[in-house]
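Just below is one structure, and these are the notes that go with it.
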Amino acid sequence: MSTLQAFMEKRVLLVMQDGRVVMGILVGWDQKSNIILSECIERRFSLESGAVDTSLGVYMVKGDQIHIRRSTTGIYFPCMEINDMKRKASEDLEGSQPKKKGRNQASTEEAPRSWPPYFEHLYKTFKALNTVIAFCSSRKHLATTFPVVRKSVENLLKRPLDLGDVAEIKAIIPELLRFGYIPADQVKINPSEEPKTKRGTSPSYALPSGPLLDEDEHVLILEFVESTKKTRSAEQENAYSLPPSMTAAALKKLIEQRNNRFVQAVNELIEACPEGEDASELVKQASRDHIPITPGRKDSSSVTNAITFRPPMPQIIEELKSEEWYRGQIVEHRSFEKKEVQFGELSVPLADSIAEGLQKARSITNFYSHQAAAINAISERKNVIVSTATASGKSVIYQVPVLRFLEMDKDATAIYIYPTKALAQDQRLALDQLVHACPGLEDIRVATYDGDTPKEKRASVRETASVIFTNFDMLHASILPHEEQWRGFLKNLKIVAIDELHYYAGPLGSHVAQIMRRLRRVCAAVGNTDVRYISCSATISQPLKHMKAIFGVEDIQVITEDGAPTGPKEFLIWNPPLVDQQQPKAGRLSAFSQTTALMRYLMKKGVRTIVFCKIRKTCEVVMKILRTELTAEGRTDILQQVMAYRGGYSQDDRRKIEAEAFSGNLLGIVATNALELGVDIGNLDAVIIHGFPMTIASLRQQSGRAGRRARDSLAVLVTDTYGIDQHYVKHPEELFEKAADSLHVDLGNRIILEAHLQCAAEEMPINVVQDEQYFGPQLAEICQTRLKADAEGWYHTHPQYLPYPSKHVSIRGQKEATYTIVDITRLARGGEARVLEEIEDSRVLFEAYEGAIFIHQGLTYLVQEISHDSRTARVTRTDVGWTTKPRDFTNYDAVRTYRIREVKGSPNRAFYGRIDITTVIFGYFKVQHGKILDVVDLESPPFERDTTGFWFDVPSANLQLMKRKGLNPAEAIHAACHAILNRFDLGHLLRTECKIPQKEYQARESQRKRPARLVFFDPPGTGASLSAKAFDYVSDLIHQAFETVETCPCKEGCALCVQSATCKESNIVSSKLGARVALRGILNLPLEEGAIPLDEKGIVDTIIEAEPVQLAPGIEVESYVY
481 MSTLQAFMEK RVLLVMQDGR VVMGILVGWD QKSNIILSEC IERRFSLESG AVDTSLGVYM
541 VKGDQIHIRR STTGIYFPCM EINDMKRKAS EDLEGSQPKK KGRNQASTEE APRSWPPYFE
601 HLYKTFKALN TVIAFCSSRK HLATTFPVVR KSVENLLKRP LDLGDVAEIK AIIPELLRFG
661 YIPADQVKIN PSEEPKTKRG TSPSYALPSG PLLDEDEHVL ILEFVESTKK TRSAEQENAY
721 SLPPSMTAAA LKKLIEQRNN RFVQAVNELI EACPEGEDAS ELVKQASRDH IPITPGRKDS
781 SSVTNAITFR PPMPQIIEEL KSEEWYRGQI VEHRSFEKKE VQFGELSVPL ADSIAEGLQK
841 ARSITNFYSH QAAAINAISE RKNVIVSTAT ASGKSVIYQV PVLRFLEMDK DATAIYIYPT
901 KALAQDQRLA LDQLVHACPG LEDIRVATYD GDTPKEKRAS VRETASVIFT NFDMLHASIL
961 PHEEQWRGFL KNLKIVAIDE LHYYAGPLGS HVAQIMRRLR RVCAAVGNTD VRYISCSATI
1021 SQPLKHMKAI FGVEDIQVIT EDGAPTGPKE FLIWNPPLVD QQQPKAGRLS AFSQTTALMR
1081 YLMKKGVRTI VFCKIRKTCE VVMKILRTEL TAEGRTDILQ QVMAYRGGYS QDDRRKIEAE
1141 AFSGNLLGIV ATNALELGVD IGNLDAVIIH GFPMTIASLR QQSGRAGRRA RDSLAVLVTD
1201 TYGIDQHYVK HPEELFEKAA DSLHVDLGNR IILEAHLQCA AEEMPINVVQ DEQYFGPQLA
1261 EICQTRLKAD AEGWYHTHPQ YLPYPSKHVS IRGQKEATYT IVDITRLARG GEARVLEEIE
1321 DSRVLFEAYE GAIFIHQGLT YLVQEISHDS RTARVTRTDV GWTTKPRDFT NYDAVRTYRI
1381 REVKGSPNRA FYGRIDITTV IFGYFKVQHG KILDVVDLES PPFERDTTGF WFDVPSANLQ
1441 LMKRKGLNPA EAIHAACHAI LNRFDLGHLL RTECKIPQKE YQARESQRKR PARLVFFDPP
1501 GTGASLSAKA FDYVSDLIHQ AFETVETCPC KEGCALCVQS ATCKESNIVS SKLGARVALR
1561 GILNLPLEEG AIPLDEKGIV DTIIEAEPVQ LAPGIEVESY VY
């Protein structure tokens, strides 16, 4: 175990391990300023499996000599006398004294002005802290805990250092100093019992056992938080970096910079202090809030009181601005006034029994104007789509009509379709309560029919339920294939209602549209052509067009005027501040820190808050940070009221979380878009959206989750450093005024249409004349070429799809097999293992390899073992302050050409064919605060899959031109790919090879060079064939992309030209100028080399000329049609 000791009288800084000096640093030391001036000798050490690396030397102090061991014999040899050290240090000290500066030569350290003695005293304390922390933090094996730092600082100051001293310093520079408790295991690089890897277990540079690690298992950490990464440019700001290997000069510079920042902060404080106020007293008062609270201390009364009565949102925002950590992050603030309720009248009054049930179960005596309009339209035998805001009472629109039908005819049936099982269960319970509150309808059965319904109970549901709650998967694979068993139900079908219609777009929407046509066809065949189709959706553009595409029906009433009341809403765009205003290159604080700080602030005010994250991993990281920070503050009372919610959790766990939220027991939820849809989770006051959520429609849907009972509410978009986020920081009006993205349903997708025709033909033979009204003009040609005709001209399913064609058609793409994550922590204590969750094969590669840190509910688990035979990963609980990131690469290779198309005006061609995708995980990093603590090798088999896509090759001449001019070809290709995808309506559903900054900007030459090729492909397993559709217009797409890039007024690239919201690598590797060169080359347009500036920064060669791809037989070039 390592500790740090400073022997000032000997001018040597020593690192001790088990009584030995394992590293000695001989320094010159300016005692007046506490600045290390030079470094004369430095020896490092490393331990692997307990062995000492003797080539670097191990030091030991013996009397007046420092001895070094240079062999495995255990014999130490004198290497330098202490007196020689003193003499050398003295020479260094004299040689480093400030010389007389010239007139124009600036001092490296800012001198403090005339300060009161209190600040002079505090400055000396700060400089001592600064010096010791700088040494510790520059070496990853030294944990900067308060006890360790305190001992060294007290040696320098010759006086005690207490918590109040540090708290007063933090009060002056709060954003630059981290001072709080964390779990003790978080300072370890390696947890105990870590699984062996190819390199073996690396050393655990942790804290000493004994008094430093008491039974509370928390330690007090003290460190600076500003970035020490070498910044090259914005393209590297999200890359992980190795701990800085700092020279003495660099260390001295860092210490001076921090000293200057402290001096500047004190000067500004004194200047800003009103006359008559004592600045020192202000600091002392503010410091009380910075004294760390011992974990385990609870004060739940303040939170309980705040929940009972919280301040209005405008007041909360104003108080937020007075917080010391607020630094102008709010870059846009929009206030939306409350909207009064607007009621409507029913054209046909409700029956007394239904009116009584509504009042008893829902306290409904009047209908909002949009509810009344929809119910009236249904009474007039119209189909309806209601597109209004979230939480506007849309469920009543399809509940009241079914009650009317049931009152008139107890044999009437209805199908309600929901995108998620949770939402279906939620709405089933609501309708069940309403039905049983209506006199005369108590015997009506409402049931769920989904994949969780036991097979032995499905017949009972089919035969006795009047209303079923289901999803399109069951309609496709269970109800329609067995239409003979469902004929009675379908013959009496009165209503088909689809909730969250906006959810069904893209490939899934195309499948759903064909399923609805199959349902309409079967209903018509059993004599039922009078079904009413109802859909509800959040606000979307062109709702009429979308409903027609999904249902294929006419006579649709569109209702968009919202009569529901809404409370006042505040909307903030929150851009994380610069780490240091004086050093913009250090970048901005992370969105994670801002999201968690906001959430903690709001929860302390009693504001029920939900955080939306884009992906599961982000959700868990946010939850983990919240755990650490709330524990450090001693607010475990709040922590106990916060939970994460995402896909992958077991059904039971999700239901428990939903119930806890609905009952009001949760103060905070961290979720993915699994909660974006309308599951009722009770009253939420605030929504924090962590990073722009891909589409404006999703942003509005998520922000609408707060204030669902007409209360005042708050929505905050915390922007990330990604280009798309920063675009909306500069153009916030687009978030509020821009129309929602159009929803696309491809009825002409031949692959999807053929698949459903095979299913439809098994349900009932197809007659091309009669059935064209359902399946469109391609029906006859597909039937003739892909189905089997009988002697009478009816078409039947092709034998290769029999006996169950629906099993061959996955409407959500190929379903991945899963692994089970099993927690075995309790086994060692005689307990039982428990299942945490299930994750897909593709995620196991990146999240559950041996040695990985797996996060569940914000708790960290160490993956001990993974069995590919039993498809399980065994994990144990561990508290660590770092996470793991896989070291991997993925190749996207065009391997076979099926089609070639002409590019208008160019001899170059576009190609379409098979793309092989190969992912290799070869190790992982242990990462903390963006810095790599350790590097581990792994051996794992490649993960291979294939798909279809199209590509362009960059001409050799343009590739060589880029290299001559210092343009990075990877940046150019990546930007050009985004430019083309941005011109395609469904571009967000296609994928491209996003260039990784860690590879493209590494210092050494890459051994994995990629071809100069723009590649676009369908996500593997979707069967969407969107790339084929794009390829039909490929020449127009690339010309449009070029025009956009050429005419866009931005300088470096923006979301309108070469940046993409779906870029996996945050648009870091991107060059607008390079994209222009690449696109001009493909289009064979002239380019003046002299007009391209020379970039002398130099590039690492990662791109080579593309080789031709194998051609399938009989290919002819498809001409461009003007």
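So our numbering is basically just the index in the sequence shown, starting at one, shifted up by 480.
For each residue, glycine too, the CB sits at the ideal point set by N, CA and C.
Tell me the residue span of the alpha helix (DSSP H) that contains C1457. 1449 to 1461
Check whether the region 1370 to 1389 touches the region 1337 to 1351, taking contact to mean three or more Cβ pairs, one atom from each stretch, closer than 8 Å. no
Per DSSP, which one or two residues make a beta bridge with A1166? T1089, L1194
Should the region 889 to 905 be called in touch with the region 969 to 978, which here means at least 3 C-beta pairs below 8 Å? yes
If we count Cβ pairs, one from each stretch, closer than 8 Å, do we get three or more for the region 1106 to 1125 versus the region 1047 to 1066? no
Given a cut-off of 9 Å on the beta-carbon distance, is the pair G1554 and A1456 in contact? yes
Can you grab the Cα-Cα spacing for the pair P451 / R1096, in whole Å? The displayed coordinates of the chain run from 481 to 1602. Any statement about residue 451 would go beyond what the structure contains.
Roughly how many angstroms separate the alpha carbons of N846 and P881, rounded to a whole number? 15 Å
Buried or exposed for M888, going by 16 or more other Cβ atoms inside 10 Å? exposed
When the distance is taken between beta carbons, is I1412 closer than 9 Å to Y1329? no
State yes or no: is the C-beta of E1320 within less than 9 Å of the C-beta of A1297? yes
State the Cα-Cα distance for the pair L1576 and L1447, rounded to the nearest angstrom. One detail in the question is off: residue 1576 reads as Glu in this sequence, not Leu. Approximately 9 Å, taken between the alpha carbons.
What is the DSSP secondary structure of Q907, counted as helix, strand or coil? helix
Across which residues does DSSP place C1016 in a beta bridge pair? V866
Taking its Cβ as the centre, do 16 or more other Cβ atoms sit within 10 Å of V1549, making it buried, or is it exposed? buried
How would you write the range of the alpha helix (DSSP H) that M1079 sits in, first residue to last? 1071 to 1084
Rounding to the nearest angstrom, what Cα-Cα distance links Q765 and L1147 in this structure? 30 Å
DSSP-derived helix/strand/coil call for K1049: strand
Name, in chain order, the residues that DSSP records as bridge partners for W1054. I810, V1198
Three-state secondary structure (DSSP) of F1172: coil
Comparing alpha-carbon positions, which option in W595, G1311, G1310, E1327 lies nearest E1318? E1327
When the Cβ atoms of the region 851 to 871 are set against those of the region 1034 to 1049, are three or more pairs found closer than 8 Å? yes
Residues in its own chain within less than 6 Å of C918 by CB, not counting five upstream and five downstream? S833, I834, G837
Mind checking A1139: buried by the 16 CB within 10 Å criterion, or exposed? exposed
Three Cβ pairs or more, each shorter than 8 Å: is that satisfied between the region 1181 to 1188 and the region 949 to 959? no
Taking all protein chains shown into account, decide if P596 is buried (16 or more other Cβ within 10 angstroms of its Cβ) or exposed. exposed
Runs of 4 residues minimum, wholly inside the region 622 to 652: which ones carry the alpha helix (DSSP H) assignment? 626 to 637, 643 to 652
My guess is that A1044 and S1322 are in contact by the Cβ rule of under 8 Å, so how many angstroms apart are they, rounded? Wrong, their Cβ atoms sit about 41 Å apart, outside the cutoff.
Can you give me the Cβ contacts of P1285 inside the same chain, cut-off strictly under 6 Å, excluding the 5 residues immediately before and after it? Q1238, C1239, E1242, T1277
Which of the three DSSP states, helix, strand or coil, is assigned to K607? helix
Could you tell me how far apart the beta carbons of I796 and V1087 are, in whole angstroms, since I believe they sit closer than 8 Å? 7 Å
Any contact of the region 998 to 1009 with the region 1017 to 1025, i.e. 3+ C-beta pairs under 8 Å? no
Excluding the 5 residues preceding and the 5 following I1584 in the sequence, name in chain order all residues of the same chain whose CB lies nearer than 8 Å to its CB. K1489, R1490, P1491, A1492
Could you pull out every residue in the same chain whose Cβ sits closer than 7 Å to the Cβ of L800, ignoring the five residues on either side in sequence? Y806, Y1081
Same chain, Cβ closer than 6 Å to E1451, five either side skipped, listed in chain order: V1549, S1550, S1551, G1554
R925 (DSSP reduced to helix, strand or coil): coil
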